[in-house]
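Every position in the sequence shown, counted from 1, becomes a number in the numbering used here once 2 is added.
Heads up, the beta-carbon is just placed ideally off N, CA and C, and yes, glycines get one too.
Here's the structure we're looking at; comments come further down.
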Amino acid sequence: MIAALILSAALASQDQEGALTRDSMVSDAKDRLLHGEPLPSDLDERLMRLNPSDRIEVLIFLRRSGLLSGPAWPADRLLAPSIAGGGRE
Numbered sequence: 003m004i005a006a007l008i009l010s011a012a013l014a015s016q017d018q019e020g021a022l023t024r025d026s027m028v029s030d031a032k033d034r035l036l037h038g039e040p041l042p043s044d045l046d047e048r049l050m051r052l053n054p055s056d057r058i059e060v061l062i063f064l065r066r067s068g069l070l071s072g073p074a075w076p077a078d079r080l081l082a083p084s085i086a087g088g089g090r091e
């Protein structure tokens, strides 16, 4: 049953075109936090698909929630344009 919830959350985290959004990433992170699960291994790639402003907001949420620790992102990476399959524009 938990696997079904996780799968549905992962599927819901993608919009109609398969692109991740800021809100879907925050929602997925909240679900992972509540279920005691780690962040996905491709988190950096997912974050780079977002607009820089959305990327920063998600990173702030992850840091404040305690889900993300480790080295800080350099400014040029934070502000880099989104990669293919990007989030909302």
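Within the region 24–50, complete alpha helix (DSSP H) segments of at least 4 residues are found at 24–36 and 45–50, given in chain order. Between I58 and L41, the C-beta spacing is not below 8 angstroms.
Check the Cα spacing between L22 and each of S55, I85, L69 and R48: the tightest is with R48. Spatial neighbours of L70 in its own chain (CB-CB distance under 6 angstroms, excluding positions within 5 residues in sequence) are listed in chain order as L64. In this structure D56 is not in contact with R34, their Cβ atoms being roughly 18 angstroms apart against a cut-off of 8 angstroms. Annotated three-state conformation of I85 is coil, per DSSP.
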